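Structure first, then comments.
Residue numbers (our numbering): 364 to 500.
Next up, the structure:
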């Protein structure tokens with residue numbers, strides 16, 4: 364059985380891996396770097412007149428944003444469905460982190476929502492070191 368400290372360490376390592384694979388995003392046109400989802404949304408415009416979200420034929424949700432230089436930057440918002448090597452690795456990490464949190468007593472919907480925030484480049488107050496220390500103690 365894992366100790367609280369080893370579960371926390373595994374969780375933090377996994378969260379870092381998830382966040383590191385999502386961002387930063389770099390514009391192929393001008394090279395501008397967007398370190399997280401918030402800055403991507405704030406510093407770009409939707410490709411169409413809507414939100415920039417679209418679903419492709421494979422049912423993958425994509426966020427398409429236009430950089431100031433005119434190039435389109437895409438972020439695949441439903442990476443858990445991705446079947447390439449990176450997508451499968453992210454899914455494996457996500458599932459392991461979800462298990463750690465739910466086995467520790469966090470409600471599955473809450474754990475999933477908080478992990479998705481991190482995957483999409485955001486932050487999660489519930490997954491902060493201080494909160495997790497309290498949770499696993």
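Cβ atoms here follow ideal geometry from the backbone N, Cα and C, with glycine treated the same way.
All figures in this text were calculated on a predicted structure; none of them were measured in a lab.
Reference residue 434, options 489, 388, 468 and 485, closest by Cα:
Translated into positions along the chain shown, residue 434 becomes position 71. Ranking the options by Cα distance to residue 434, first place goes to 388.
- Can residue 485 and residue 403 be called in contact, C-beta distance under 7 Å? Looking up residue 485 in the chain shown gives position 122. Looking up residue 403 in the chain shown gives position 40. No, Cβ-Cβ distance for residue 485 and residue 403 is not below 7 Å.
**Study point:** With 16 other Cβ atoms within 10 Å as the buried cut-off, status of residue 393
**Key:** Reading the chain shown from its first residue, position 30 is the one you call residue 393. Per the 10 Å Cβ criterion, exposed.
Note to self: Does any residue of chain B have a CB that is nearer than 7 Å to the CB of residue 499?
What the structure shows: Of the protein chains in the structure, only one exists, and it is not chain B.
Cross-strand partners of residue 397 (DSSP beta bridge)
Taking the chain shown and counting its residues from 1, the one referred to as residue 397 is at position 34. According to DSSP, residue 397 bridges with 388.
- Task: Please classify residue 396: is it buried, with 16 or more other beta-carbons within 10 angstroms of its beta-carbon, or exposed?
- Result: Here residue 396 corresponds to residue number 33 of the chain shown, with the count starting at 1. Looking at its Cβ environment, which holds fewer than 16 other Cβ atoms inside 10 Å, residue 396 is exposed.
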